[in-house]
């Protein structure tokens, strides 16, 4: 009976050792898979880190470009404001000049009309006086042409 008991214990021990070997083989395979997964994970983390570094550099470059564009835009807005102010001043000055020209032209026309309406009856104009009157007419025509051009320019601005 002892022999049976020894044989039974030996068989149980062989089965336990066999199960242990099978478990060890499975554990070795799982460890290999884990090492492979770890190396893939390291590669993924390295690639991800590189991507994050590139993204940060891109964001810095974008911020710098935006800052520079904003500065340029701010300068342009300031210049546009100055130009607007200058144009407003020019338009106001031109309005004043146009008013003065208009009133001066109206006065000159009235004076010329008075001279033309009351010529001396007994005297005929001399050739020199005719030249002066002719020059005045040309000057009046030029003044009114300049006045018209000024008014057209003001209308375009206005």
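Residue numbers (our numbering): 1206 to 1363.
Positions of the beta carbon are idealized from the N, C-alpha and C atoms, including for glycine.
These figures come from a predicted structure and were not determined experimentally.
Once DSSP output is grouped into helix, strand and coil, what is the label at residue 1293? helix
Mind reading off the beta-carbon distance from residue 1310 to residue 1283? Whole number of angstroms is fine, and I expect it under 8 Å. That belief does not hold up - the Cβ atoms of residue 1310 and residue 1283 are roughly 40 Å apart, past 8 Å.
Under a three-way DSSP split, which group does residue 1331 fall into? coil
What's the gap between the Cα of residue 1289 and the Cα of residue 1303? 21 Å
Residue 1362 beta carbon less than 8 Å from that of residue 1296: yes
Quick one: grab the DSSP three-state call for residue 1206. In the structure shown, residue 1206 sits in coil (DSSP, three-state: anything other than H, G, I, E or B).
Check whether the Cβ atoms of residue 1277 and residue 1359 sit closer than 8 Å, and answer yes or no. no
Given this structure, state the Cα-to-Cα distance separating residue 1207 from residue 1241, to the nearest angstrom. 50 Å
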